[in-house]
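Trainee: Protein chains in written order, with this note's numbering: chain A, 1 to 302; chain B, 303 to 600. Don't be surprised by glycine CBs; every beta carbon is placed ideally from N, CA and C. All values derive from a computational prediction rather than experimental measurement.
Dropping the structure here:
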């Protein structure tokens, strides 16, 4: 007897189910990966405190970094590293953001055709350049220029921030363009009909409406800058100390990690301490994500 | 229904992941305890970036003669090399320093194979106007007591010390020979010979130290107490700043690894790749050094 087609699963239903399973599996693999990475870094990172008995408070509030390979006594303080990371990142964002917004306005409101065809692809090309190339250009071109004009050795926060600004420019610009473009064109037409000048439309309509998303764009840029390691490592000078000015050598969380990780032995204090730095980085990027979440929460257009 | 699906997929993913881990661990074990019956064997060498070019070159030549053995060479640093070989995840751990000199490495469980010697010397930017210093002056420069080149007979130029990463083999060798237990001045730290060379060349007043093979015309190697940094002086220990390049293995090693390590010590490598790439052959050494830096006549 032929089964009643009404009670058997059609090919389409099977396709549906199959697709759903595929999605579930992919998502769960992703979730598992994230959970295991977080678990791995945390379990390694807290060993500095649980196994090597470094005090959490002194780790976060002192600034000397000496793993004790020389005279057996270790001073571990990440404060200078964290401060430099923050200052460098903020300076980079402060340099890149205005430029990114102006380019965004140009592409969205002034020259959409030329902007979309040429300017945007060129900006996005910057994303494809490996960070070691940025670092090398920084080391061979930027550092000598800074040394000549600002003094010092040329290594320091200024060099790091300039390189980072260039690296996060495409991120912020692309996101800014996207958010400005998402503003309903009929608002702009209205404004023009009411006799607004172009600047008034840009400022009062486009920028106002997309303001929240623009902030998110900047935060994404900041998050990327915070995690960048190699390029910064090559120009920051790698000296664990508070920078007295923008051209004195210092070090960031990521640059310290990159410089030292290959020379440490698994399970020893120098190695664990670096994992703790990685844990701090993880927590900070988690914080960035939460901030973005908080910002987009009430935004209906997001 | 939905909840079940989510649970189910989580379980599936978990199993997949566990399976993958299990397999990997098994593969790792079998490679370290490798069997000689296998027709094609793999040797994995990981670690020191200072030793990497030599091992890479030797591996290339070695594989031409032994097409059934694949030698894989990777960097990662001496610490990584020692960790990995101690854990048994690679066959050979390359290191610039003795395993005994690193905390947390079970040195007694490893076998040391010294394959080359590297001489290192202080180098400066050529503009500082100094070609020779005394050991005491050098120590004072790196501990921060001497801050200007004019104090050691050079131009009036502030000294910029470029150090190597804490825990790096090169730094350990240099500090053992020069600092004598004193603490280095807080300074820039770089983690590769190439970057150091680049920075010393372009930064006025810069001083650092490099392996002989990185000397270029635009940086100035310094003589110490009148002794020139030459290979001949290293072989007699007249030049004190040198170290072995080690290839560490577990006590029990497979045939392919044994064959490759034996190849490293042949004249073909020692007079070929070793010299071509700027290292010093172990056969040329007239003295030997132990893990406590004690030097004795061979």
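#1: Rounded to a whole number of angstroms, what is the C-alpha to C-alpha distance between residue 552 of chain B and residue 586 of chain B?
#2: From residue 416 of chain B to residue 541 of chain B, what distance separates their C-alpha atoms?
#3: How would you call residue 498 of chain B, buried or exposed, if buried means at least 16 neighbouring beta carbons within 10 angstroms?
#4: In the DSSP assignment, find the unbroken alpha helix (DSSP H) run with residue 582 of chain B in it and report its ends.
#5: What residues from chain A crowd round residue 519 of chain B, counting only those whose CB sits closer than 8 Å?
#6: Residue 415 of chain B by DSSP, collapsed to three states: which one?
#7: What does residue 384 of chain B reach in chain A if we use C-beta pairs closer than 7 Å?
#8: List, in chain order, every chain A residue whose beta-carbon is nearer than 7 Å to that of residue 366 of chain B.
#9: Contact criterion: CB-CB distance below 8 Å. Does residue 447 of chain B meet it with respect to chain A?
#10: Pair every Cβ in the stretch 30-45 of chain A with every Cβ in the stretch 271-287 of chain A, then say whether three or more of these pairs are closer than 8 Å.
#11: Going straight from the alpha carbon of residue 233 of chain A to that of residue 537 of chain B, what length do you get?
#12: What did DSSP end up calling residue 124 of chain A once you bin it into helix, strand or coil?
#13: Using a Cβ cut-off of 7 Å, pull out every chain B residue sitting near residue 260 of chain A, in sequence order please.
#14: At a CB-CB cut-off below 7 Å, which residues of chain A make contact with residue 362 of chain B?
#15: Hey, would you say residue 421 of chain B sits closer than 8 Å to residue 491 of chain B, going by beta carbons?
#16: Flag residue 492 of chain B as yes if its beta-carbon sits less than 8 Å from any beta-carbon of chain A, otherwise no.
#17: Which ranges does the alpha helix (DSSP H) cover as unbroken runs of at least 4 residues, wholly within the stretch 459-498 of chain B, from first to last along the chain?
#18: Residue 129 of chain A to residue 476 of chain B, Cα distance in whole Å?
#19: Compare the C-beta of residue 138 of chain A with all C-beta atoms of chain D and state if any pair is closer than 8 Å.
#20: In the DSSP assignment, find the beta strand (DSSP E) that holds residue 395 of chain B and state where it starts and stops.
#21: By the DSSP assignment, the beta strand (DSSP E) with residue 512 of chain B in it spans what residues?
#22: Does residue 238 of chain A pass the burial test, meaning 16 or more other C-beta atoms within 10 Å, or should it be called exposed?
#23: Answer with yes or no whether the minimum CB distance from residue 456 of chain B to chain A is below 8 Å.
#24: Return the residues of the stretch 397-409 of chain B that lie within a Cβ-Cβ distance of less than 8 Å from chain A, sorted by chain order.
#25: Is there a Cβ from chain B that is less than 8 Å from the Cβ of residue 238 of chain A?
#26: Is residue 374 of chain B helix, strand or coil by DSSP?
#27: If the cut is a Cβ gap below 8 Å, which residues of chain B does residue 15 of chain A touch?
#28: Does DSSP classify residue 218 of chain A as helix, strand or coil?
#29: Any beta-carbon of chain B closer than 8 Å to the one on residue 270 of chain A?
#30: Starting from the N-terminal side, write out each stretch of the alpha helix (DSSP H) that is 4 residues or longer and does not extend beyond the stretch 19-66 of chain A.
#31: Taking only runs of the alpha helix (DSSP H) that begin and end inside the stretch 77-140 of chain A, which ones reach a length of at least 4 residues, in chain order?
#32: Can you pull the chain A residues whose beta carbon is under 9 Å from the beta carbon of residue 395 of chain B, in chain order?
#33: Quick one: does residue 379 of chain B have its CB under 8 Å from some CB of chain A?
#34: Across the stretch 52-66 of chain A and the stretch 188-206 of chain A, are there enough close Cβ pairs to call them in contact, namely three or more that are closer than 8 Å?
#35: Go ahead and label residue 228 of chain A buried or exposed: buried means 16 or more other beta carbons lie within 10 angstroms of its beta carbon, across all protein chains shown.
#36: Going by beta carbon distance, what residues of the same chain come within less than 8 Å of residue 200 of chain A, once the five residues before and after it are set aside?
Mentor: According to the structure shown:
#1: 27 Å
#2: 19 Å
#3: buried
#4: Careful: residue 582 of chain B lies outside any alpha helix (DSSP H) and carries neither H nor E.
#5: Within 8 Å Cβ-Cβ: nothing; residue 519 of chain B doesn't reach chain A, min ~18 Å.
#6: strand
#7: When 7 Å is used as the limit between beta carbons, residue 384 of chain B is near these residues of chain A: 265, in chain order.
#8: Residues of chain A passing the Cβ test: none, with the nearest at roughly 30 Å.
#9: no
#10: yes
#11: 36 Å
#12: helix
#13: 467, 468 and 469
#14: Under the 7 Å cutoff, chain A gives no residues; its nearest Cβ is about 23 Å from residue 362 of chain B.
#15: Taking a C-beta distance under 8 Å as the contact criterion, residue 421 of chain B and residue 491 of chain B do not qualify as a contact pair.
#16: yes
#17: DSSP runs (the alpha helix (DSSP H)) wholly in the stretch 459-498 of chain B: 471-480.
#18: The alpha-carbon atoms of residue 129 of chain A and residue 476 of chain B are separated by roughly 36 Å.
#19: Here the protein chains are A and B, and chain D is not one of them.
#20: 394-397
#21: Residues 508-513.
#22: buried
#23: no
#24: Of all residues in the stretch 397-409 of chain B, 404, 405, 406 and 407 have a Cβ within less than 8 Å of some Cβ in chain A.
#25: yes
#26: DSSP places residue 374 of chain B in strand when its eight states are reduced to three.
#27: Chain B residues near residue 15 of chain A: none, gap ~16 Å exceeds 8 Å.
#28: Helix, per DSSP.
#29: True, the Cβ-Cβ gap to chain B drops below 8 Å.
#30: 47-50 and 56-61
#31: 79-105, 120-125 and 131-137
#32: Per Cβ cutoff of 9 Å: no residues; residue 395 of chain B is ~11 Å from chain A at best.
#33: yes
#34: By the Cβ test, the stretch 52-66 of chain A is not in contact with the stretch 188-206 of chain A, since fewer than three Cβ pairs between them sit closer than 8 Å.
#35: buried
#36: 191
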